[in-house]
């Protein structure tokens with residue numbers, strides 16, 4: 007998920023800027039909020055998300 011927006015911006019000719027004084031956060035909501043926390047240990051879901059980004063972004067190159 008965190009990579010998908012970066013890929014979209016890059017592929018459309020945009021750029022991602024690193025702003026050191028900015029603060030970004032995420033609110034985990036619902037009953038599963040602990041299991042989705044990065045330090046909470048849901049490594050499988052992160053792996054699935056990374057595979058999804060790779061598949062969606064590389065679909066044009068599958069048959070090359």
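Numbering (my numbering), first residue to last: 7 to 70.
Note that the Cβ used here is the ideal one computed from N, Cα and C, for glycine as well.
If we ignore side chains and look at the alpha-carbon of each, how far apart do residue 54 and residue 61 end up?
10 Å
Residue 22 - DSSP class collapsed to helix/strand/coil
coil
Roughly how many whole angstroms lie between the Cα atoms of residue 52 and residue 65?
20 Å
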